[in-house]
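Colleague: Per UniProt numbering, residue 1 is the first one in the sequence shown, and the count goes up by one each step.
We treat Cβ as the ideally placed atom computed from N, Cα and C, and that holds for glycine.
Note that the structure is a prediction, hence the values are computed from the model and not measured.
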Amino acid sequence: MRSVGASHIGKVRTENQDRIFFHDQPVGNLKNLYIVADGMGGHRAGGHASSFAVERFVQLIEESKQTDPIELMKSSIASVNQEMIAESQSNEEYRGMGTTFVAATISDGKVTVMNIGDSRLYYGNQELTQITVDHSYVEELIHAGIMEREEGRFHPKKNVITRALGTVMATPDFFEFDAKDGYLLLCSDGLSNMISDEELKELLLDHSQIANKVNQMITRANEYGGKDNISLVIVDLKR
1 MRSVGASHIG KVRTENQDRI FFHDQPVGNL KNLYIVADGM GGHRAGGHAS
51 SFAVERFVQL IEESKQTDPI ELMKSSIASV NQEMIAESQS NEEYRGMGTT
101 FVAATISDGK VTVMNIGDSR LYYGNQELTQ ITVDHSYVEE LIHAGIMERE
151 EGRFHPKKNV ITRALGTVMA TPDFFEFDAK DGYLLLCSDG LSNMISDEEL
201 KELLLDHSQI ANKVNQMITR ANEYGGKDNI SLVIVDLKR
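1) Look at the alpha carbon of Gly42 and the alpha carbon of Met1, and state the distance between them as a whole number of angstroms.
2) Taking only three categories from DSSP, how would you classify Ala45?
3) Taking C-beta to C-beta, are Gly39 and Lys227 nearer than 9 Å?
4) Could you please give me the residues that DSSP links to His155 through a beta bridge?
5) How many whole angstroms separate the CB atoms of Leu200 and Tyr122, which I take to be in contact at a CB cut-off of 8 Å?
6) Identify every residue that forms a DSSP beta bridge with Leu184.
7) Residues in the same chain with beta-carbon distance under 6 Å from Arg13, minus the five sequence neighbours each way, listed in chain order, please.
8) Per DSSP, which one or two residues make a beta bridge with Arg2?
9) Hey, out of Asn32, Gly5, Lys31 and Ala78, whose CA is closest to Met169's CA?
10) What's the call for Arg120, buried or exposed, on a 16-neighbour Cβ count within 10 Å?
11) Which first and last residues belong to the alpha helix (DSSP H) in which His143 is found?
12) Restricting to Cα atoms, I'd like to know which of Phe52, Val138 and Asp108 is closest to Pro156.
13) To the nearest angstrom, how far is the alpha carbon of Met217 from that of Glu83?
14) Between which two residues does the alpha helix (DSSP H) carrying Glu176 extend?
15) Once you ignore the five residues that flank Asp189 on each side, which residues in its own chain have a CB closer than 6 Å to its CB?
16) Can you tell me whether Gln216 is helix, strand or coil according to DSSP?
17) Leu165 by DSSP, collapsed to three states: which one?
18) In or out: Ile195 buried (at least 16 other Cβ within 10 Å) or exposed?
19) Quick check on the DSSP output: the alpha helix (DSSP H) that includes Ser107 runs from which residue to which?
20) Under the three-state reduction of DSSP, which class applies to Leu128: helix, strand or coil?
21) So is Thr171 buried or exposed if we call it buried at 16+ other beta carbons inside 10 Å?
22) Tell me whether Ser7 is buried or exposed, calling it buried when 16 or more other Cβ atoms sit within 10 Å of its Cβ.
23) Helix, strand or coil: how does DSSP classify Arg95 here?
24) Considering Val80, what are the terminal residues of the alpha helix (DSSP H) in which it resides?
25) Among the residues of its own chain, which have a CB less than 6 Å from the CB of Asp173, if the five just before and after it don't count?
26) Quick check: what's the CA-CA separation for Leu60 versus Ser3?
Printed below as a string of structure tokens:
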């Protein structure tokens, strides 16, 4: 396995509130770990939320004796959430902070994914499949059959999320699937809102090196407006 990640401020925002983590070697009892977090909140709160969430989550994974990936990630993210809520309540500067969080680990050909919010994980192998389900207002409309998925990319409330780490609505979803080759793409909505799934598929499944895929996706998202921070991690499962 080999991974490459990058985070770009985009062309509109004045601060990058996204954070990423990618490590192909063991992190505690996990064989590897990949994370994208998209912070929210006024002033410095969003950047602090995503930084704290990623750093503390990794620290808790490293310290835990648990071996089951789902139980390990579930207990760690619950602790992170409690600590974030406590800090938000005690520190005016961080009042109302929160972050999305998508994490993945791979062991013996099985991918385990956890997500809160609308940062995504896609699996690409001939086709592109969105594994995670957004916790968002727009996703609820799509699920109810009120809106088509492509239409949702341009909806005025596309950034309204229904779950976030650092709030009482922070229950994560978990997904597991078998994958011995292909690619994982973890990304913030600064990528997925700017580039269609069809175009993401073309960029992810071309024959270039993964570092080039990452650069091409950031370039394309900025060409289309770069309206938000753009963050992604690509994992080559064949390596």
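Modeller: Taking the geometry as given:
1) 37 Å
2) helix
3) no
4) For His155, which the question treats as bridged, DSSP gives no partner whatsoever.
5) 7 Å
6) Tyr123 and Val235
7) Asn229
8) Asp236
9) Ala78
10) By the neighbour-count rule (16 or more Cβ atoms within 10 Å), Arg120 is buried.
11) Per DSSP, His143 belongs to the alpha helix (DSSP H) from Tyr137 to His143.
12) Comparing Cα positions, the closest option is Val138.
13) 34 Å
14) Unbroken run through Glu176 is the beta strand (DSSP E), Asp173 to Asp178; no alpha helix (DSSP H).
15) Asp118
16) helix
17) strand
18) buried
19) Not the alpha helix (DSSP H): Ser107 falls in the beta strand (DSSP E), residues Phe101 to Ser107.
20) strand
21) exposed
22) buried
23) coil
24) Pro69 to Ser90
25) Asn115
26) 22 Å
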